[in-house]
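Q: Sending over a structure as structure tokens; questions will come in a sec.
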Amino acid sequence: MTTADPTFWFVMPALKAVIILVVILHIVPGLVYFERRISAWIQDRIGPNRVGPVGLLQPLADVIKLTFKEDLTPQGADKWIYRLAPLLVYAPAVLAFAVIPVGIDLQVASFGVGVIFLLTISGFSVFGLAFGGWASNNKYSLLGGLRASAQMISYEVAMGLSIIAILMTAQSVDLNEIVRQQWGATTLGLLEWNLFQQPIAAVIFLIAAFAETNRLPFDLAECEAELVGGFHTEYSGLKFAIFFMGEYIGMITMSGLMVTMFLGGWSLPWIEIPTSPTFGDVALSVVIFTVKLVALLFFYIWVRWTLPRFRYDQLMNIGWKVLIPLSLLNLGFTAISGVMGWNWLIPLPW
Amino acid sequence: MANKDAASEKQDEIRTETTEPRKKASFALPVIKGLANTLAHVLRREPNTIHYPEEKRTPYPGYRGEHRLKRDELGREKCTACFLCATACPAFCIEIVAEEAPWDDREKRPRIFNIDMMRCIYCGMCEEACPCDAIELTPIYNIPSRTRGEKIYDKEKLLSL
Numbered sequence: 134m135t136t137a138d139p140t141f142w143f144v145m146p147a148l149k150a151v152i153i154l155v156v157i158l159h160i161v162p163g164l165v166y167f168e169r170r171i172s173a174w175i176q177d178r179i180g181p182n183r184v185g186p187v188g189l190l191q192p193l194a195d196v197i198k199l200t201f202k203e204d205l206t207p208q209g210a211d212k213w214i215y216r217l218a219p220l221l222v223y224a225p226a227v228l229a230f231a232v233i234p235v236g237i238d239l240q241v242a243s244f245g246v247g248v249i250f251l252l253t254i255s256g257f258s259v260f261g262l263a264f265g266g267w268a269s270n271n272k273y274s275l276l277g278g279l280r281a282s283a284q285m286i287s288y289e290v291a292m293g294l295s296i297i298a299i300l301m302t303a304q305s306v307d308l309n310e311i312v313r314q315q316w317g318a319t320t321l322g323l324l325e326w327n328l329f330q331q332p333i334a335a336v337i338f339l340i341a342a343f344a345e346t347n348r349l350p351f352d353l354a355e356c357e358a359e360l361v362g363g364f365h366t367e368y369s370g371l372k373f374a375i376f377f378m379g380e381y382i383g384m385i386t387m388s389g390l391m392v393t394m395f396l397g398g399w400s401l402p403w404i405e406i407p408t409s410p411t412f413g414d415v416a417l418s419v420v421i422f423t424v425k426l427v428a429l430l431f432f433y434i435w436v437r438w439t440l441p442r443f444r445y446d447q448l449m450n451i452g453w454k455v456l457i458p459l460s461l462l463n464l465g466f467t468a469i470s471g472v473m474g475w476n477w478l479i480p481l482p483w
Numbered sequence: 000m001a002n003k004d005a006a007s008e009k010q011d012e013i014r015t016e017t018t019e020p021r022k023k024a025s026f027a028l029p030v031i032k033g034l035a036n037t038l039a040h041v042l043r044r045e046p047n048t049i050h051y052p053e054e055k056r057t058p059y060p061g062y063r064g065e066h067r068l069k070r071d072e073l074g075r076e077k078c079t080a081c082f083l084c085a086t087a088c089p090a091f092c093i094e095i096v097a098e099e100a101p102w103d104d105r106e107k108r109p110r111i112f113n114i115d116m117m118r119c120i121y122c123g124m125c126e127e128a129c130p131c132d133a134i135e136l137t138p139i140y141n142i143p144s145r146t147r148g149e150k151i152y153d154k155e156k157l158l159s160l
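Sequences listed follow chains A and B, in order. Numbering-wise, the numbering used here comes out as the position in the first sequence, counting from 1, plus 133. Note that the numbering used here gives residue 130 to position 131 of the second sequence, counting from 1, and the numbers run on in steps of one.
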């Protein structure tokens, strides 16, 4: 295949894009089912088990219900922005996934500045939340939208700073390169993962990712107790479904980024990375990535059903007074260690 | 005036006391404890709920469900139409019309004995008021019906329960 060959520049990327899009869209119903079952187990309930075998068709029933619900627009709503808002949440989440390598050099769009593209695009989803809140012509929606914007702006800073620390250690913004650098030959190669190399950055990123995806304990934007449904109070039917999908895809994208940046991405310490991978190697790497992704998604659900929602001032305090100074310190420390050539790895006994 | 100043000073004192920042505790340890707790529940998986229409819970003793009228050993209704249950009923849901009893051991028996189950508050006062032990509350709790008329139980229905 040469660069002039249309299979190289059009067919292959299109195929990858379609496959990855379809797979992500099909993870969402699975994730919803997974979340409902796990939440039931955490609360000593049984969970959905009536529709289909062990309730597996429950998400399908939900989709049918949402499709046939009346799709209403409130009086006085700004119609076009009201219609645009769900798409503005949904589209960035899907787009951002394009740069995440799901297998050995396997991603929809492979360009050098993957991380920066991802941060830029995923930051766009705040427009969807703010527009949705504003266009609904409802005080609760507006408050939810405002909270969402304030929250995402504050946590984006901490997230960006923690990522910069990773980029410094990796000396690259190419996600595949970052994954390759986290690989080590033996079991102790696990320590090459950025989770252990940059634990502070990992924790900050994790907390900021929860806030970015509006998941509990940071779902102030749709705080049911005070704001009815927050920014999506007025949304019904398919528009609500698209908001919902956007939120879940955002969760998948953030987990994918977390896996890539901190958990070794598609690599495992015991499995050597081939220079010219065969189909089997790529398939294996996709499986490794998926397992890590699912584990992280489980963690998301687990945390959601454990922790109560933060108060708004607590949220802002954690963001501005804890996470941002901590990530700045971490950044400075990483920079100094890099320049001085200090190695903070745990010394091996042999 | 001086008195008032002292009071407001005291007020200020209280205010500064309460607005003083509390000792800050870290979230980290409680969060980890909580996560361990919920994970234990996921792994244990002992639901407290049951599959309702298939599995039914046996009501606790003393549960107050639907009423029934009892019969004596000869198969006659025990009720002597004394109206004590209807008098005791706080919801006025019992309607009794008496007639002369054909038996020697009592003077009256109910010709009509209706209970409006939609009005009944299932308090059990009728059961307590009854001197003949003729009415009682059963543990039957799943009692749906399609019309309100069906929920007015007459004597035959109450005796058959």
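Glycine is no exception: its CB is placed at the ideal position from the N, C-alpha and C atoms. These numbers were taken from a predicted model, which means no experiment stands behind them.
Below 8 angstroms CB to CB, which residues in the same chain sit around residue 203(A) once its five sequence neighbours on both sides are set aside?
A: For residue 203(A), where only same-chain residues beyond five positions count, the Cβ hits under 8 angstroms are 369 and 370.
Q: Given a threshold of 16 other Cβ atoms within 10 Å of its Cβ, counted over all protein chains shown, does residue 198(A) qualify as buried or as exposed?
A: exposed
Q: Of all the options 451(A), 311(A) and 443(A), which has the alpha carbon lying nearest to the alpha carbon of residue 330(A)?
A: 311(A)
Q: Under 8 angstroms between beta-carbons, which chain B residues line up against residue 440(A)? List them in chain order, please.
A: 30 and 33
Q: Residue 178(A) touches chain B at which residues, Cβ-Cβ below 9 angstroms?
A: 46, 47 and 48
Q: Look at the alpha carbon of residue 334(A) and the alpha carbon of residue 185(A), and state the distance between them as a whole number of angstroms.
A: 43 angstroms
Q: Grab the span of the alpha helix (DSSP H) containing residue 365(A) for me, first residue to last.
A: Careful: residue 365(A) lies outside any alpha helix (DSSP H) and carries neither H nor E.
Q: May I have a chain-ordered list of the alpha helix (DSSP H) segments no shorter than 4 residues that lie completely inside the segment 270-335 of chain A?
A: 272-303, 308-314 and 327-330
Q: Would residue 41(B) count as contacting chain A if we go by Cβ distances under 8 angstroms?
A: yes
Q: Going by beta carbon distance, what residues of the same chain come within less than 7 angstroms of residue 479(A), once the five residues before and after it are set aside?
A: Bear in mind that the predicted position of residue 479(A) carries a pLDDT of just 48, short of 50, making it unreliable; the figure below should be weighed with that in mind. Within the same chain, residue 479(A) has close Cβ partners 324.
Q: Could you name the residues of chain B that residue 174(A) contacts, counting a contact when the two beta carbons are closer than 7 angstroms?
A: 40, 41 and 44
Q: Which residues in chain B have a C-beta closer than 7 angstroms to the C-beta of residue 171(A)? List them in chain order.
A: 41
Q: Quick check: the Cα distance between residue 373(A) and residue 339(A), rounded to an integer number of angstroms?
A: 27 angstroms
Q: Indicate whether at least one CB of chain D lies closer than 8 angstroms to the CB of residue 453(A).
A: Reference to chain D is not applicable here, since the protein chains of this structure are A and B.
Q: Where residue 248(A) and residue 462(A) are concerned, what is the direct C-alpha to C-alpha distance, given to the nearest angstrom?
A: Rounded to the nearest angstrom, the two C-alpha atoms are 21 angstroms apart.
Q: Measuring straight from C-alpha to C-alpha, what distance separates residue 352(A) and residue 160(A)?
A: Distance between the alpha carbons of residue 352(A) and residue 160(A) is about 22 angstroms.
Q: Would a check of beta-carbon distances place residue 79(B) closer than 8 angstroms to chain A?
A: no
Q: Please confirm if residue 37(B) has its CB atom under 8 angstroms from at least one CB of chain A.
A: yes
Q: Is the Cβ of residue 403(A) closer than 8 angstroms to any Cβ of chain B?
A: No - not a single Cβ of chain B is within 8 angstroms of the one on residue 403(A).
Q: DSSP has residue 113(B) in a bridge; who is on the other side?
A: 94(B)
Q: Find the residues of chain B that neighbour residue 435(A), judging by a C-beta separation of less than 9 angstroms, and give them in chain order.
A: By Cβ distance, chain B contributes 34, 37, 38 and 41.
Q: Beta-carbon within less than 8 angstroms of residue 146(A)'s beta-carbon, same chain only, minus the 5 sequence neighbours each way: which residues are those?
A: 241 and 242
Q: How would you label residue 89(B), buried or exposed, when you count the other beta carbons within 10 angstroms and need 16 or more for buried?
A: By the neighbour-count rule (16 or more Cβ atoms within 10 Å), residue 89(B) is not buried but exposed.
Q: Helix, strand or coil for residue 61(B), going by three-state DSSP, please let me know.
A: coil
Q: Short of 8 angstroms in beta carbon distance, which residues of its chain neighbour residue 414(A), apart from the five on each side in sequence? Order them along the chain.
A: Answer for residue 414(A): 237 and 407, listed in chain order.
Q: Assuming residue 268(A) contacts residue 215(A) (C-beta within less than 8 angstroms), just tell me the rounded distance between them.
A: Beta-carbon to beta-carbon, residue 268(A) and residue 215(A) are separated by about 4 angstroms, close enough to satisfy the 8 angstroms threshold.
Q: Pair every Cβ in the segment 28-41 of chain B with every Cβ in the segment 107-122 of chain B, then say whether three or more of these pairs are closer than 8 angstroms.
A: No: the two stretches stay apart, fewer than three of their Cβ pairs being nearer than 8 angstroms.
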